[in-house]
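Here the structure is laid out as structure tokens; the discussion comes afterwards.
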Amino acid sequence: MYAAPPEMEMEVWTEVPQEHRVAGRTSDWFFGKDDQRAHSFLEGPAFDREGHLWVTDIPFGRLFRISPAGAWTLAAEYDGEPNGLAFHADGRAFIADHKCGLVAMAPGGVPAPILSRVRREGFRGLNDLVFARNGDLYFTDQGQSGLQDPSGRLYRLRGAEGPLECVLDRIPSPNGLVLTPDERHMLLAVTRANQIWRLPLHPDGSTSKVAAFIQLSGGLSGPDGLAMDAAGRLAVAHCGLGTVWIFDRLGQPLLRLRSPRGLSTTNLCFGPDGRTLYVTESDSGAVLRATLPAAQ
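Per my numbering, the very first residue in the sequence shown carries number 5; after that it's consecutive.
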């Protein structure tokens, strides 16, 4: 057993302005959730080339752009359920959409589905995504999978255009994902198992010897979004626990970051400085942040 790591409290950097808090509307996405009339549910934080932070609002199909000063702009609104977001090197935003599949949006454009099916079959419900340096796009298809139905999948879209390959299937709730700095391994959040899996990525694109790298405990949901810094430190947004865990490259706990707001710490990313984490807390509609100590 590891000793409990030291703790820090994150700060509230910014939050959904009142004019963008939805009132009097619900969404089919809230199925099974207690609050059918939430004002938003933030996810998918990612920085663009100009240093703006983007976040998604799943139930109401919105994409927000947040300035370095914390000012919010509604960048797009469409008939979808956008979750994870990542930027291609050419500036396009790619979105893992639970309702529409894989969606892309060019700078100044509008969101449009580019992949809604695989072999005539619809996805379970896309969740998160990450680009490799060569442009390959990895994304998770989670849907309602879990321990009762381990049918989630991890896909790779070669060059973000195709072909599409299934890297791994029979996953109980694949969620956030991140590549190690050398891109020889992928770390995958498996929410309903409360685990982080480690996948070797072979030159031919296959994987083998998939292992449970980190076993978490507690919380009302499980590990959600993942991020990794240049030193290989892994940040895990533990949704339902109001916590972000920091682990070293061997999976040993280094630090616990606590939310000053709700428990739904859903996703996160590192800022342009490579040390400051930005975290979506979806119960309150806040974006939290904390600057990590320098890597040893």
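All residues carry an ideal CB built from backbone N, CA and C; glycine is no exception.
A quick note: this is a predicted structure, and the numbers were derived from the prediction, not measured.
Going by the beta-carbon positions, is the gap between residue i and residue j smaller than 8 Å?
i, j, result
"Phe68", "Trp76", "yes"
"Leu296", "Pro10", "no"
"Ser286", "Met14", "no"
"Ala116", "Val107", "yes"
"Asn179", "Asp228", "yes"
"Glu81", "Arg66", "yes"
"Asp145", "Gly129", "yes"
"Ala193", "Leu230", "yes"
"Trp196", "Pro176", "Sequence check: residue 196 is Arg here, not Trp. Contact flag set, yes."
"Ala79", "Phe143", "no"
"Val248", "Leu267", "no"
"Ile62", "His102", "yes"
"Pro72", "Asn271", "no"
"Val122", "Leu172", "no"
"Asp233", "Gly278", "yes"
"Thr18", "Gly84", "no"
How big is the Cα-Cα spacing for residue i and residue j?
i, j, result
"Val20", "Arg293", "15 Å"
"Ile218", "Thr269", "18 Å"
"Ala42", "Arg162", "37 Å"
"Tyr159", "Leu245", "28 Å"
"Ser149", "Arg202", "19 Å"
"Leu224", "Cys243", "7 Å"
"Leu46", "Gly112", "22 Å"
"Glu125", "Ile250", "38 Å"
"Glu169", "Phe135", "15 Å"
"Glu23", "Gly236", "39 Å"
"Ile27", "Pro167", "The sequence given here places Ala at residue 27; Ile does not occur at that position. Ala27 and Pro167: Cα-Cα distance of roughly 42 Å."
"Ser155", "Gly147", "9 Å"
"Gly226", "Ile200", "10 Å"
"Gln300", "Leu205", "27 Å"
"Arg265", "Arg25", "17 Å"
"Leu57", "Ala216", "31 Å"
"Ala298", "Val16", "21 Å"
"Val31", "Phe98", "Per the sequence presented here, residue 31 reads as Ser, with Val not at that position. Each residue's Cα considered, the two are about 23 Å apart."
"Tyr282", "Ile118", "28 Å"
"Leu191", "Thr184", "7 Å"
"Ser288", "Phe127", "29 Å"
Select from the options the residue whose C-alpha is nearest the C-alpha of residue i.
i, options, result
"Ser44", "Thr280, Ser210, Trp17 and Pro86", "Pro86"
"Thr280", "Gly266, Leu238, Arg253 and Glu47", "Leu238"
"Gly275", "Asp132, Asp52 and Ser155", "Asp52"
"Ser381", "Met109, Ala241 and Gly105", "A query on residue 381 cannot be resolved here, the shown segment of the chain reaching from 5 to 300 and no further."
"Ala90", "Ile62, Pro257, Arg123 and Cys273", "Cys273"
"Gln152", "Leu168, Glu169 and Arg174", "Arg174"
"Asp186", "Ser71, Arg137 and Cys170", "Arg137"
"Leu254", "Arg29, His189 and Val248", "His189"
"Thr60", "Met12, Val171 and Asn131", "Asn131"
"Ala8", "Pro204, Leu220 and Trp17", "Leu220"
"Leu133", "Ser155, Val182 and Leu57", "Val182"
Exposed or buried, what is residue i when buried is set at 16 or more other beta-carbons lying within 10 Å of its beta-carbon?
i, result
"Gly88", "buried"
"Ser212", "exposed"
"Gly222", "exposed"
"Gly55", "exposed"
"Val114", "exposed"
"Thr284", "buried"
"Ala110", "exposed"
"Ser210", "exposed"
"Ala241", "buried"
Legend entry - Contained beta strand (DSSP E) runs [length at least 3] in the region 55-142, N- to C-terminal order: Within the region 55-142, the complete beta strand (DSSP E) runs of at least 3 residues are 57-61, 66-70, 76-81, 86-91, 97-101, 105-109, 116-119 and 130-135.
Inset, instruction - Starting from the N-terminal side, write out each stretch of the alpha helix (DSSP H) that is 4 residues or longer and does not extend beyond the region 237-292. - result: none
Inset, instruction - May I have a chain-ordered list of the beta strand (DSSP E) segments no shorter than 3 residues that lie completely inside the region 152-236? - result: 156-161, 168-175, 178-183, 189-194, 199-204, 215-219 and 226-232
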